[in-house]
Structure formats: structure tokens, C-alpha cells
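Numbering (this note's numbering), first residue to last: 785 to 894.
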């Protein structure tokens with residue numbers, strides 16, 4: 785059974801363009817919070833809040849070594865969203881297949 789709360793957290797995390805930009809950057813490899821903040825037009829404190837949302841959703845993991853917090857993608861965190869999408873796709877494909885079958889049937893005069 786799919787945890788819908790986890791699905792909500794992942795989609796909420798990915799709903800923000802700044803967080804999606806951070807995920808894109810992390811797809812190329814680990815980065816510090818400061819590195820994630822560099823291209824964004826926001827304070828370091830705001831970036832930290834976005835990182836927390838991504839971490840709470842399971843999309844990223846962070847580790848603090850000394851004064852540096854490093855972030856990395858956790859691909860397993862995206863599996864929840866992927867499973868939800870796959871289930872929806874399968875449902876709609878079955879429905880469309882049935883509709884196609886109905887439309888392909890010859891009309892009968894009654």
C-alpha cells in the first residue's frame with residue numbers, strides 16, 4: 785500500500801521551483817548548502833529552509849561535517865512519487881484501452 789502522506793510530502797517538496805533547481809543541481813553530485821544557494825536569489829537562511837523541506841520529504845539527505853552541511857540526492861525518496869505516477873498511468877491506460885475496444889466494436893442496429 786502506498787503511503788499517501790509520503791506522496792504528498794514529495795510532491796509538495798517538488799512543487800517549488802527553487803527546490804526543483806536544487807534537486808537538478810544535486811543530480812550532478814553532492815553539494816554544500818552554500819553551493820546550492822549560489823545561483824538562487826535568496827538568503828542562505830531561506831535556502832536552509834528549502835533544504836529542510838527536501839530532506840523531510842526524503843528526496844535528499846544531508847550530513848554536517850564541521851561547519852559544512854553537504855546535501856545529496858536520495859533516489860529512493862523519489863520512488864514514492866514514481867510509484868504513484870505508475871499506478872495512475874496504469875489505471876488510465878486500462879481505461880483508455882477499454883474505451884478503444886468499445887469504439888472499435890461495430891455498431892449494431894437494434
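All C-beta atoms, glycine included, are put in the ideal place defined by N, C-alpha and C.
Report the rounded CA-to-CA distance for residue i versus residue j, giving the unit in angstroms.
{"i": "residue 881", "j": "residue 816", "result": "48 angstroms"}
{"i": "residue 827", "j": "residue 858", "result": "25 angstroms"}
{"i": "residue 799", "j": "residue 838", "result": "11 angstroms"}
{"i": "residue 813", "j": "residue 879", "result": "40 angstroms"}
{"i": "residue 851", "j": "residue 788", "result": "35 angstroms"}
{"i": "residue 884", "j": "residue 890", "result": "12 angstroms"}
{"i": "residue 874", "j": "residue 886", "result": "18 angstroms"}
{"i": "residue 877", "j": "residue 825", "result": "42 angstroms"}
Using CA coordinates, which residue listed in the options is at the minimum distance from residue i?
{"i": "residue 791", "options": "874, 875 and 860", "result": "860"}
{"i": "residue 823", "options": "838, 801, 839 and 892", "result": "801"}
{"i": "residue 830", "options": "877, 803, 873 and 849", "result": "803"}
{"i": "residue 779", "options": "832, 833, 876 and 862", "result": "Residue 779 falls outside the range modelled here, since the chain spans only 785 to 894, and no answer is possible."}
For residue i, collect the residues of the same chain with a Cβ closer than 8 angstroms to its Cβ; drop the 5 residues on either side in sequence, then sort them by chain order.
{"i": "residue 835", "result": "806, 817, 820, 844, 846, 853 and 855"}
{"i": "residue 786", "result": "864, 867, 868 and 871"}
For residue i versus residue j, is the C-beta distance shorter than 8 angstroms?
{"i": "residue 797", "j": "residue 841", "result": "yes"}
Once you ignore the five residues that flank residue i on each side, which residues in its own chain have a CB closer than 6 angstroms to its CB?
{"i": "residue 864", "result": "790, 791 and 794"}
{"i": "residue 893", "result": "none"}
Going by beta carbon distance, what residues of the same chain come within less than 7 angstroms of residue i, once the five residues before and after it are set aside?
{"i": "residue 809", "result": "815 and 820"}
{"i": "residue 832", "result": "817"}
{"i": "residue 849", "result": "none"}
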